[in-house]
Each structure stands twice: as C-alpha cells, then as structure tokens.
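Undergrad: Residue numbers (our numbering), protein chains in the order written: chain A, 6 to 398; chain B, 7 to 433; chain C, 50 to 322; chain D, 15 to 472.
Virtual Cβ for every residue (Gly too), placed ideally from N, Cα, C.
Handing you a structure now.
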Amino acid sequence: MLKEIVARCEELAFDLSFSRAREWKSQGKNRVVVGHLPVYFPREIIHAANGLAVGILGGGDRKLIIRGDAYYQSYICHIPRSIIELAIDKHFAGFDGFIFPSICDVMRNLSGMFQMMGEGKFVKYLDLPQNFQSHIGGTFYRYELQTVLNEVYKLNGIEVTPERLNHSIKLFNINRTLIRQLYDIRQEFPWKMTAADLYHIVRAGYVIPVEEHNEILESVVRLVMEERGDPMDKIRVLVMGAFCEQPPVGLIRTIELAGCYIVEDDFLLGARWIQGDIDTGSTDPLESITSAYLEKSTFSSSVYDIGNPKEVRLLNLIRQRKVDGVIFAAPSFCDPALLDHPILQKECNDKNVRFISFLYSENTGQFKVIKEQVGTFSDSIKLWDEPVLKANL
Amino acid sequence: MAKEVAKERSMIIQKEMITGHFKELGAAKETGKKVVYTFVPGNISELILSFGMLPVYPELNALQSGMRKKSGDYIRDAEQHGHSEDVCTYVKCDVGMMLNGNIGPTGEKIPKPDLLLLSYTGCFTFLKWFETLERLYPGVPVALLHTPYQEAHKITPEMTAYMVKQLKEEVIPKMEQVSGNKYDEEKLKSILRNSSKVEDFIVKIFDTTKHRPSPIDAYFAGVYYIGPINSGFRGTPEAVDYYAELYKEILTRIDKKLGPITPEGEMEEERFRLVVEGPPNWTHFREFWKLFYDMGAVIVASSYTKVGGVYDMGFRVNPDKPLESLAEYCMNCYTNLNLQQRVELLSKCITDYQADGFLVNSIKSCNSFSAGQLMIMQQLERKLEIPTGFIESDLVDPRYFSYSNIKNRLESFFQMLEQRKMILTRQ
Amino acid sequence: MEKNIFTFGVDVGSSIIKAVLMSYSDNPFIIDKETEKIRKRNPGMVADQLIDQVLERNNIKYSDITYLATTGEGEMLQRKRGHFYSMTTHAKGGVFLNPGSLTVVDMGALYVRAIKINELGRVLDYKMTGQCASGSGQFIENISRYLGLAIEDVGATSLKSVTPETPSGICSVLAETDVINMVSRGISTPDIIKGIHLSIANKVVKLLSSLKATSPVALTGGMAMNIGMIQAVEELIQESKLNLEIRANADSIYAGAIGAALWGGFRHFKLTS
Amino acid sequence: MKKYFLGIDLGSTTSKAIIIDDRDTIIGRGITNTRANYTVATEIARLEAIYNARFSILKMKLEDEIESKPEYKKYIKDVEAVFQYLQFKRRLDRLNVQFRDTIEETFSGEKRENISGYITRIVKEIGPSILDEYLNGSLGQKNQFFRDIVSEKYNKEVNLLSKEYFEPMMLVYDKSITHVENELTEYNFRELVYQSMELLNDKYAQIDESAPDETGVGFDGELNLLKGNYKHIYDSLKEHISFVSNLDIHISNMVGTGYGRALLPFPEKSIRSEILCHAFGAHAVFPNTRTVLDIGGQDTKAIQVDSHGLVTSFYMNDRCAAGCGRYLGYIADEFSISLNELGPLAIEATHEVNICSTCTVFAAAEIRELLNVGQKRSDILAGLHRAIVMRAMSLLARSGGVRNEFTFTGGVARNQAVLKYVSELVLKNYGNDIKINVHTDSIFMGALGGAMFARRSN
Ligand SMILES: Nc1ncnc2c1ncn2[C@@H]1O[C@H](COP(=O)(O)OP(=O)(O)O)[C@@H](O)[C@H]1O
Ligand SMILES: Nc1ncnc2c1ncn2[C@@H]1O[C@H](COP(=O)(O)OP(=O)(O)O)[C@@H](O)[C@H]1O
Ligand code: SF4
Ligand code: SF4
Ligand code: SF4
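Listed below in structure tokens is the structure:
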C-alpha cells in the first residue's frame, strides 16, 4: 500500500509534462497555473486566487540536454539549462505565468530569458527582501506579492478576499505540519522509510493541488507508523547545500546505501521554509504571510543572516536531529551554497562535528566516487569505536 | 619589451589620486578616520564621503592583486581554507589577501573595516562575500542596502521608497554611529553636484569612440578611465579635474586623428571596431590587450565600464534629491538591468559606434555577468546580423586564462571579420 | 587475543589486482602477497585465480581463512566475507607499512586519495580526485608506453632529468599531444617523464594542502613504487613550503589489500566477542 | 604550366595534405598520423599527396581508355595498391632493423635469443599477409596508418606466445615503433612505381599460366580481363607513367592550418585558423552548408557559416579532450579491435548503455566495469558513441544550433555509429527537413579549406 503511494508520488514528482496540473486547470473555470522556481514562494496566494502554484525544480536526470547548453556556459550550474530545455520543448505550455524568487544571479537572469522567450503570460522576478524590518522589508515584500496577485487578477479576475486567503493558509499549514511529522518519524525510525521515498512524497506536493497532497501525506503518516523495518548499523547524517538544484535520486540512494541514514536535509526546502503555522485568523492575511516570511523563515544560502548566524542554526539542527555527521552536498558551480560551506564547516570543525563535502549536478549518473567517500565517512565513524563527540555540542 | 610610452597628464593625476587614497588608508589608524568596506556596483561613495569616512573596495583589491600576479596564491590560500574551486574568485582572492596580511597595491596595509556597507547591486555573491567578511572581522557592524532588481524594465516608486527607507533607517544611522558624525544633507548635496559633473564627462569621453579612428579604447583603457568614479572619487573636485583633463587630451587626439594609446604606443591602423561584453581578465591584462591591438582591433564600447553606473541612457544624480538619487544610481548599474535592457544597451552601442563585431569575454567567476550572456549574444546576432565572438577567461584566477585558447579563438574571430570585409566589399 | 588467525585481503584495482595473506593477531604480519595485471580479462576471474594461487603456494585451504576482505572494486567477489571502502583500507594499510604516519596518500591508476588520520589510525578527513583523470597512474602508463619505457623503469628514468618540461594544460589527453610535440622538439625522455611526474605530483600536493595534511605522509598505491614520483612529490612539497615528511614502502602497492586483511581480522574479533 | 595549391592540416592525431588545381578540383590527398614529429608528419602527408596527385593525373590523362577498358582501371588500381605496399614494406624493413637494435640493448641471454626468434617469425608473417591484403583485400582504402596496421598484426601474434613474453614483446614494439614513425623514408616515385609494375607482372603471369577455370578465390572477373592482356597494358602505360613520374607538380602557394599550425615552417600569412579552413572546405564541397560539425582527434568544433562560406560564429572545446576522436582510439584499444570496426559493432546494439564519463583516460576502466556487470560489447559501444555525440550536440547548441544544411566533417565522421546518432539527434531536435552531408573526404576538409585559401590569396 505504502509502496503504491510512493510509486505514484515518484511518477508525479518527475512528471515533466506536469499533467496533473494541466488536468486540474481544465477541470474548472478561471483556473490558472503558475510555475515557481526555487526556493520559497508563498503558494497560498496563488491558491487563494483560484490557481495552482507548481514548483519547477529542473529536469533532473530525466531530461536530455540538447539545446539548453546554448544558453549556459559550462561553469554555470545545471538546473537553468534543464529548465530552458523544458521550456523549448514546450513542457510549460499552458502555464499562465512564472515566478522567480530571488535566490541567485543565475535564477535572476533566467527570469530575463523567460521574458525574452515570451514564456507564459507573465514572468515575475520576485525580489525577496533582505531587510527584515516589517515597515521596510515587510512593506516591500507585500508590494511584491501584490504585484503577483495583480498579474493573476488580470488573467482570471478573481478577487482574493481575506476569507479565501485564510482558507488557503490553513491548507498549507496542514501540509507543512504533515511534512514535519514525516521528518520527525524518520528522525526516530529512519529505517521505516527510505530518504528517497520521503523525497518523492514531498516532491509530489510541488506539482499537485495541496488538498490532494494533504490526503497523500495523511495516509503516508498513518502507514509509515505501521511499518516495521529493521534498523541497520548506519550513521545518521544531515545533508546540506541542495536547496535549489536537486540531487539526482540516485545520489540520495547512494548515500543511504553507503551506510548512512539521512535524517535531515534541505532538498525541498521551499516546502518547509516557514517554520510553524501562519496565522489564519487575521483580517489582513497578506500581512500574516509577510510576517511569517520575516519571522519564521528557515535559514538558507539565499538570505543574508544578519543577527541570526546560520552556523548557530545549523548546530541547533544537528543537536535536534541527533546526527553523527554532516554531508555538504552542493550543486557544482552553485555560488550561494558553496560560499556558505566554509562558514558552516568551520563551525562543525570547532564543535567537533564530523563532515564531508562533495559536489553533484542534477544529472550526475556516476556515483562511484561519491559512494566511496560516503562509505569511508560512515566507516570512519563506525569502525573506530570512539563515541561521537556529541558532548561537545 | 614594450617601449616606454610618454605618460599623459591625466594618467599622472590618476596615479596621484590613487596613491593618496592608499596613503590616507594606511594612516587611518593614526588619523582616526573610519574605514568602510563596500562594493563598486552601487557604491554610495558620496554618502561615505559626506561622513568623512574612507571607502575600501574589496573587489578593487582583488583586481589589483590580479594585476600584480598575486591572486593565484591568494586564491589557493582561500581554497585551502575551505572555499570551493567553483565560486567567484574575487571573493577568494580577497579572502586570501586578508589571510596574507591585507597588504594593498601600494604595499601599505589596508586597515580593518569599521563598517561593512553591503550595498549589493546586481550580484548575490556580494551577500555571501560580506557574510564571509563579517566572520573574518567579528563585531564590525554591517549595514545592508538591498537594491531591487529592474525586473519589470523600470524603477517603480515602491522600489525607490524601499531603498530610501533602508538608507534612512539602516545605513545612515549605522554611519552616524560609526563615524560619530551626524548626517549632513547639505554636504552630501554639494558632493553630488560634483558627481553630476563627472557623470557628464564620462558620457562625453566614452562617446568619442564615434570618431574614426577611435581616439580611445573603451575597454582596455576604459577600465582606467572609470578608475576614479569607481574607487570613491566620484563626488570629489579631484575627479572633476581629472575628467576635464582627460577629456581635453582625448579631444586633442581627435584633432590629430590619432588612434588609441596602447602600452606599446599609438595604435597604427584601426582595422576592427568591437563592442565587448563582460569584464576583462586582470592576471594577464597586458597580454590580453596585446592580442587586440596587435590585430588593429579597438574596442569602441564595453559593458564592463558601466558596472559602476550607467549614464549614457540619461540618468544623472539630482543633488536636490540626494537619497533618491543614490537609490536610483544603485538600481541603474549595468548588472542590475535585466537581460532585455542589457541587449538594448549593447545594441545601441553597436549601432552608435558602428562596430564590426561583438565579442563576449565570459568570466567564469561572475554569474551576474555570465548567466545569460549567450542569449544576449544570440539576440544581437539575430537582431543586428553582427558577427559575434566568444572567449572565456577569469577575472583573477590565472588558472583560467589559457593564452593559447584565447589566441586561437581571437585569431579565428579576427580572420573571420577580415574575410567578411574582403568578401562583402568585393560584392 | 587467543590465537593467530589467517586473514586475506584482496584489492581489485582498475588495472592490477593485489592479494595479501596475513596472520592476524596483536602483531599481525604478512605471510604472502602477489599482484596480477587484469589485462582485459574479467577481474573477478583474475582475482579468484590469484586467491587460489596464493593459497596453494602456502598450503592453505580457503576454509582456513577466517576472514577474506575485499576493497577497491572487489565487492563482486563471491568468496568475500566483508568489503571495506578504499580509503578505509588504505589508511589502515598505509599506517601498517609506515607506522606513525598521520596522512596517507593513495596514488592509484585512476584516482588519488589523500586521507588524514589521527594517532589511533582513525580517518579524520579525506579528499579524492574526481571525474577528471589528470594526475592518474594510467596517465603515466600511457605516456611511458608512447615513449617506449617499461613502467618499472619510469621512476629511474625520471631521476635522470636535468631540466624537466611540464605539459601546459591539465588534461592528460592534451598532455599526450604536448609530449609528442616535446619529442619532436628533441626534449630528452627523462625531462619529459619528469615533467609528467611533476604535473601529477602537483595534483597530489594540491590535495595535501587542501586537506591540510599532517606529517608524516605515507604514500601508497602503485605509483608509490615509482621512485620518480616520490621524488617529484617531495620536491613540490618543499617548493610549496608544506613541511611534510614523505614515506613510502616497497610494498606500497599492497596497502589496500593489507588494510582489508587487517580490518577483516578486526571485524572478526569484534563480531565474535 | 599548370598551377597547383597545397593545403596542410596538421591535426592533433592526423596530418592531412590536399592538392587542388586552379579550379578547386582535388587531385591529391595525403594523410598520416601525427604520432610522430610534426615536421616529419607534414612531409609524409605532403609527399603522399604528391604521389597521389601523380596517379590522379595519370587517371585523368587516360580517362578515355579507362572509360572504355575496365582492365585499365583494374591495372592502375593494382599498381596503386602495390605501390602502397612497397612503401609499407620499406618501413617494415626499417622497423625490423629497429627491433633488432632494441632487443640488443634491452635483453640478454636466452631471453634475447627467444625474443629475437619471435620477432623474426612475426616479421616474416606480417610482410606477405599485408601484401595479400593490399592486393586482394581493401587495406588500401581502409585509411589505416603504418602503426595501426603493424600493431594489429603484431598484437595478434604476441597473444599466441606464452604469457611471460607478453610484456617484453610489447616493450620491444613500443620502444621501436616511435623511432620509425619519427623518420622520414623518402621514395623515388618512378623507381617504386616501376617496381610495383614488375611485381604485378609476376602476379599476372601466374594467371596466364593458370587453366581457364582455375581462377579461384579472389580472382574476379575484372582480373580475368587482364589475362593474356597485361603485357600490352603494361607497355602502353609505361610511357604515361614515365610522364607523370617526371612531371613537375608545381605548388604555387600553400596554406597551413590545424592544431599544430603554429609549428609549420610557413610564413605567418600562410597560416589560417582551422575553424575558417574547415568551414571553407565544407562549404566548398556542399555550398548550402550553414552549420559545420567537425570532430577530430582531440577537439570538436561547431561552426556556423553564411552563404559565402564565411564563419559567423563557432564554438570549440578546449582544456578537456573528453569525447573526441582520441577517446574512440582508446576504446578500440581496450576492445582490441581496429578503429574502423568500432562503428559497425556499435550499430548492432539493441540498446545504449548509459555512459557517464567521456574522459579518455577513464574510458577503459568504465568499459571493464560495464563488461563485468554483464553488458554486451555492442551496447556499451553504442553508449560510448552516443556519449560523444551528446557532447558534440552541446557544442553545436552553443555555437548557435543547427541550420540547414548541416555538414559533418573530421576523422570521426568516418564512424558510422557516430554519424547515426548525430543524424538522429539533429533531425529530432532541429527539424526533420535538415539535410545532413557527409563526404568520403570529410577528414580532409580542413586541408581542402587551406588549399582553397592558398588559391585565393595567390
Ligand atoms: N612496478 C611499478 N613501478 C612503478 N609504478 C608502477 C608499478 N606498477 C604499477 N605502477 C603504477 O601504479 C598504477 C596502478 O596503481 P594501483 O594502486 O594498482 O591502482 P588501482 O588500485 O587504482 O587500480 C599504475 O597506473 C602505474 O602508474
Ligand atoms: N577509418 C576510421 N574510422 C573511424 N574513425 C576514424 C577513422 N579514421 C580516423 N578516425 C577518427 O578520427 C580521429 C582523427 O580525426 P582528425 O579529424 O584527423 O583529427 P585531427 O584533425 O585532430 O588530427 C581519430 O581519433 C579517430 O577517432
Ligand atoms: S543551483 Fe545555485 S547557482 Fe544554480 S540556480 Fe540554484 S541557487 Fe543559483
Ligand atoms: S560574481 Fe561577479 S559581480 Fe559578483 S562579486 Fe563576483 S565578480 Fe563581482
Ligand atoms: S581534462 Fe582530460 S583527463 Fe580531464 S576529464 Fe577531460 S579528457 Fe579526461
């Protein structure tokens, strides 16, 4: 039963023609489908405007790159070229608009390329504020969100009332809670479900209506609790750096095959960006969404961490999830992720947290070297009987 | 060896300005002057000056290290400290320089920052850079000025308001606190008045490439010409003098129908006129330049000279609205323009200055420039039917400058332009 | 530990298979060892033959072996009891061969792996080369073949160099063209070989410095049998002022197999205790 | 006097020479591998092109006879084949001498004796079998080089020996071959061609003596025409051959290009970028060409040209030679087959194995691994070929995509499997109506372009 759900989720998650979204759009009037790129976008507002916000996470290893290379030099990460390839091959046909949250220069410029290529009816680069004061950054963020809503309004004429928006927020609160529960289960019983399965389940939520995803998540939570599974002699790791370009599933599997349980990760960070619930009782729910962004965001390479250093937050996570070591896995040429690593790794060093790091790209197919490194990492923690130095944290 | 070329007066002035600046920095500890680290694109130097503080530009340090062939070692050191091979080498070069005692180009030690002014325009790496610096200089206050991107091809009032608010409530209070001086709007206005004069000169100078032969090279020499506006002198009277002098010199060259000055003297014959997109390589700057002037190629416009501000589309600071002006200046920098705007700007350059070819120097480090360049190139090729060339190198990482590869590509590019001229004139 | 047991380590490399028979106890020692080139045969088959050959030579039956451990690409061997990852085994083997080493560098046919360990032999950190084969033993093999040198003679030839000539790029394939070019320019064979060694050593030293390796450094793997390589590494270490002492051992190529045999013994006692 | 123009393409793997006349017609081709000294390689290619030109001129002169009398055609073809063999034979003799020297300085005692004996046997074996392949097989058309031909035979023989002699025997070969490749063996055309004719006469004499129904295997109908007739042909050809042997093939101008062009002893104005030459050559042969893909030994170039054959943009790999021709060479080595057998084997595949690294050095290891997990040879080969093409597709995209018509050049275009994948992917991604051109002379496009530039700037 669980197997079937996971299989279905895998199919959905990697359905690069986004058939469920298209189907959904055709099933009602005035529906819009809006693609959004990594990392975080408040999908609630599109939901409230009778829309479906579909996460675009690249083509992974399932899309052959032929013309995408015409747009990017070899020293730029992989995800934008697979997205361009998808666009050229009309995978986004029927999408009404695209939102590019500001995370890096590559994504930013990709938004310009979408504009020049005339993709969708609107292309919005969403400038997430780096100022976290509500009357400065907050005001600007509201203005940015309003711009998105105006674009959608132009398309379907649907007024987003506070009631509608509050309802949408509620659904997404449930979604976030259920995902959190799954992570908590895996944190305690990582053998009950593989990291790859969890990944598929969460990723499916990027491309289907939240109502349906919530149903899936509910059954999964129930079924996973019933799973037995045998605990194996593996170390517990946290994987860090993959917030935008996704690692190939083979990589996630390789890590777990080579003696690790992934108990925390930032693979699909957007779905878990807001930590906790967003207020659903306000008469100005846009303000609730804004203040959730300002106050409840997780940490990520795309946000300057003034006054809230990311290394401290990472350490908290390590403690919470009781991990034995950290795997820094980042996409090749991803400046944001890679420039964070020295900072985070220094902290790990200082606090005696074991870590390794390597690079991947979404279509990496050869995991031999990675397997050897991860295997040695797990060996090095397991074979030598010293207790892992958690006490130092 | 290059023969010694008589220095023009403007060069001497510039050299004095720069030397003076580093002297002042070197003496900052004694004089008690506060030091602000900030970046070139979207540099609000006028504001820094109005508080009597001294700006330091880590990128320019990196650039200088590159030119002095130190960057290779610095980068290696930074990589030893955990930085990836894949990321922007400006950052690594700066980190490496710090690890090696922070000695500036004139041999004087660059003082530690009293304030990290992160006005990050057109590039996310600046954010990461300052996160790194913040940890290298623990306790130094950070003022962040977020410049919204011109995503909708324009600057909206909300964007300006957001920036002005940040200036007023984030940046200025921090500057007051660090410098111990109050914000003096009149002083700022008077500095800005100089800036607007400088801006006029800049536009006129880079417009002289209209002439045939072009009296200047707008890339290789251009990067020297923008030195003063990019290194904190924009609002100073020295800058006004410098640019007045420079403009005068160029006018004389035009009268005499002289081509650009190269490190080996005047360029004899102008054979190709190019527009170049992308920053130059600094580690092999001379060799790189030589590849061009040896072939009689002169750059009549380049986007790189617009990173520190775009003025040829009409923007000027308005001393009467100082903060709004600064905000708009930031939002107007080249890499803060969206791709469509970049294409328009470049095609204007190509047509206005009658270029024969368009060349991209794609910099491995710089996603801000590089991501999208290929599409820009395609668009220009299609729109203007101009021959395009493409080379790759890096700003300051000598490992990514392959002389033979670049030479091979440039040779082919020039032969292609020549062949084209030959055939087209024959018809 | 009550008695000595036999353990066997098999390191299936990309071109050479290494087998070591050990007596494992508190003072483990090597009983016998052997290598065999794969030379386009099935590695599994070659390894099996090699195991039998060593057993036969020592009058030992397979059933007398308490633990047969594989490393490298040896996971497919039917007769293994356990498999360990290359860096784990090279660390162990490297220290066994060069006691007191705090860093082990395995220089093999395709990859270079640098492993940092503490006094207890525990792996602390490591780095290995990835998708690009510049700096691999295979590269030396290719070049020496072109120059008509037996791999055993490469090291000695390199030592004769006076003014080494390094290839310009990093790519091994393009470097081959460079070498051809050098030959036609009349550069001497020792100078070419030395240049190649230096360019590989450069990669090794880069790994060492990015790992912040601690001295002494043990070199293992096939390339550590190459005296020219050892010298090139030493020269570059000196040049980059890393202050690392280099050690190598005549049995370097067996380090992985030795490590596997040792870990096999360790696991056996851990599992049975 | 007639004017001729020479183009030299000093590539990373092969050196090519083309001679054209003043109407751009190709009259001579020469090719050799660039394993050797660059100057030697250039000379070999140039001389070969001149020999080839003499034969071309001969054929042009005798055009009418050849049209009307197939035996003439056959005879000339045979002469050419034997001519090639004789060149080969001279180098083989030279190699044999080198073998002796190498053995002398490397081995001693019994080992020396044995190895020396083996070598004698092998050399004896190779000579006649090669002659047979030249005469009765199609070795002449296979575009194989001395090293490849010899090493194929040599390896086969060595594999028959006992295992302990494998390494020493390989060493003898490796040590000797480079010397021979680095030497220029000059031939006198006239002498060699007469020698060829004598040899042929001996052969034909045997046919004459054979009974009418005894013209067994390998003796085809064409050959039969020569029966009883060859003496006559010989006599009438002799004069013409003497004429072309003495003909002064005057090269009025030449242009050098290719990877090693900077090392050519040419004045600077006679050196052209290989990108322009390839494009110009391809465009000359197929005037509607708009996109050119050239895959050579260690670089791949994607070039866009306009209607005049002028390059408008191009893109090439550098720094990394993954996925170029040399890669195929290593693969052929690993599978112990010759380069031109790779493609046909790959085409037999039922599916393509996914190949992750096209790094030349890793190729062998990856293949071994795949063979071990039970993948079929042909499927692996198919995957490898496809991987190369994927890289080329990426460069094509960067250069501006594929425009009609598309011309595929360079040595790798001779490989049918690569061609198959290129066609498939180009048609699928850039439109089914794209016309794809490949020419039998595709490896010579750079040299041809060079020769054409030479003519134009004369
Ligand atoms: N006798 C020798 N002398 C010098 N170098 C050797 C010798 N034997 C092997 N090598 C080198 O060692 C390499 C193989 O090393 P090895 O450790 O067996 O690699 P792997 O285990 O990765 O297959 C060869 O590529 C060659 O360069
Ligand atoms: N007969 C053939 N069949 C298949 N491939 C061939 C053949 N001849 C040459 N090649 C391929 O062509 C490559 C050489 O191409 P070439 O264009 O001559 O390269 P370059 O100009 O760089 O020397 C070889 O590496 C080989 O892979
Ligand atoms: S992978 Fe990194 S560099 Fe690439 S688009 Fe995503 S955030 Fe930007
Ligand atoms: S990415 Fe480009 S703009 Fe940004 S810091 Fe680096 S070089 Fe400067
Ligand atoms: S650079 Fe050379 S050695 Fe490295 S991956 Fe490419 S082909 Fe292989």
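Using the C-alpha atoms, what's the distance from C/G121 back to C/G308?
TA: 11 Å
Undergrad: Where do the N-terminal and C-terminal ends of the alpha helix (DSSP H) with D/E380 fall, by residue?
TA: Start and end: 374–386.
Undergrad: Quick one: which residues of the region 275–296 of chain B get their C-beta closer than 9 Å to a C-beta of chain C? List them in chain order.
TA: none
Undergrad: For the beta strand (DSSP E) holding A/E216, just list the boundary residues, first then last.
TA: Note, A/E216: premise wrong, no beta strand (DSSP E); alpha helix (DSSP H) at 215–231.
Undergrad: Using 8 Å as the threshold, is the region 175–192 of chain A in touch with the region 75–92 of chain A, meaning 3 or more CB pairs across them?
TA: no
Undergrad: Near C/L326, what residues of its chain come up, given a Cβ to Cβ distance below 8 Å and the 5 sequence neighbours on each side ignored?
TA: It is not possible to answer for residue 326 of chain C, since the shown part of chain C is limited to 50 through 322.
Undergrad: Between C/I242 and C/K89, what straight-line distance do the alpha-carbon atoms span, to the nearest angstrom?
TA: 26 Å
Undergrad: If you count every other CB in all the chains shown that lies within 10 Å of the CB of C/L311, and 16 or more means buried, which is it?
TA: buried
Undergrad: Alpha carbon to alpha carbon, how far is B/I305 from B/M383? Give it in angstroms, no decimals.
TA: 17 Å
Undergrad: Pull up the CB-CB distance for C/L159 and D/F376, whole angstroms please, since I reckon it's below 8 Å.
TA: 6 Å
Undergrad: Take the Cβ of A/G234 as the centre, count every other Cβ of all protein chains shown within 10 Å, and call the residue buried at 16 or more, exposed below.
TA: exposed
Undergrad: What residue range does the alpha helix (DSSP H) around D/S143 cover?
TA: 123–149
Undergrad: Please compile the residues from chain D whose C-beta is within a distance smaller than 9 Å of the C-beta of A/I70.
TA: Per Cβ cutoff of 9 Å: M404, M407, S408, A411.
Undergrad: With a Cβ-Cβ cutoff of 9 Å, do A/Y148 and B/E398 count as a contact?
TA: no
Undergrad: If you measure from the beta carbon of B/M273 to each beta carbon in chain D, is any gap under 9 Å?
TA: With 9 Å as the cut-off, B/M273 does not count as an interface residue toward chain D.
Undergrad: Can you tell me the Cα-Cα spacing of B/Y231 and C/G244, whole angstroms?
TA: Going from the Cα of B/Y231 to the Cα of C/G244 covers about 43 Å.
Undergrad: Considering only heavy atoms of ligand 4, does any lie closer than 8 Å to the CB of C/E225?
TA: For ligand 4, not one heavy atom lies less than 8 Å from the Cβ of C/E225.
Undergrad: Checking contacts by CB at 9 Å: is B/S408 closer than that to chain A?
TA: It does not: the Cβ of B/S408 has no partner Cβ on chain A nearer than 9 Å.
Undergrad: Quick one: is C/G204 near chain B, going by C-beta distance under 9 Å?
TA: No, no contact with chain B.
Undergrad: Quick one: which residues of the region 136–165 of chain D get their C-beta closer than 9 Å to a C-beta of chain B? List them in chain order.
TA: none
Undergrad: Strictly under 9 Å for the Cβ-Cβ distance: is D/V416 near chain B by that measure?
TA: Between D/V416 and chain B, the shortest Cβ-Cβ separation is not below 9 Å.
Undergrad: Applying the 10 Å Cβ sphere with the 16-neighbour rule, what's the burial state of D/E228?
TA: Since pLDDT at D/E228 reaches only 47, below the 50 mark, its modelled position is unreliable, and the value read off the structure follows with that caveat. Result: exposed.
Undergrad: Can we count C/A182 as close to ligand 5, meaning its CB is less than 8 Å from some heavy atom?
TA: yes
Undergrad: So, are the CB atoms of A/V379 and A/C353 less than 9 Å apart?
TA: For A/V379 and A/C353, no; Cβs fall outside 9 Å.
Undergrad: A/A12 bridges to which residues according to DSSP?
TA: BP columns for A/A12 are empty, so no partner.
Undergrad: Compare the C-beta of B/R74 with all C-beta atoms of chain C and state if any pair is closer than 9 Å.
TA: no
Undergrad: In whole angstroms, what separates the C-alpha of B/E52 from that of A/R326?
TA: 49 Å
Undergrad: Would you verify that the beta carbon of B/R456 is, or is not, closer than 9 Å to some beta carbon of chain C?
TA: Since the first and last residues shown for chain B are 7 and 433, residue 456 of chain B lies out of range.
Undergrad: To be precise: take each residue of the region 317–345 of chain B, compare its Cβ to all Cβ atoms of chain A, and keep it if any distance is under 7 Å. Which residues remain?
TA: N344, L345
Undergrad: Would you please verify whether the beta carbon of B/T131 is less than 9 Å from any beta carbon of chain A?
TA: yes
Undergrad: Find the residues of chain C that neighbour B/E85, judging by a C-beta separation of less than 7 Å, and give them in chain order.
TA: Near B/E85 (Cβ distances below 7 Å), the residues of chain C are S259.
Undergrad: Which one of B/M23, B/Y63, B/A34, B/I208 has the shortest CA to CA distance from B/P47?
TA: B/Y63
Undergrad: Less than 8 Å separating the Cβ of D/I351 from some heavy atom of ligand 2?
TA: no
Undergrad: Work out the CA separation of A/V59 and B/M169 for me, nearest whole Å.
TA: C-alpha of B/M169 to C-alpha of A/V59: approximately 31 Å in a straight line.
Undergrad: Run down chain A in chain order and give the residues with a C-beta less than 8 Å from the C-beta of D/L384.
TA: By Cβ distance, chain A contributes nothing, its closest Cβ being about 12 Å from D/L384, past 8 Å.
Undergrad: Residues in the same chain with beta-carbon distance under 7 Å from D/G397, minus the five sequence neighbours each way, listed in chain order, please.
TA: Result list for D/G397: E366, V367, N368, I369, in chain order.
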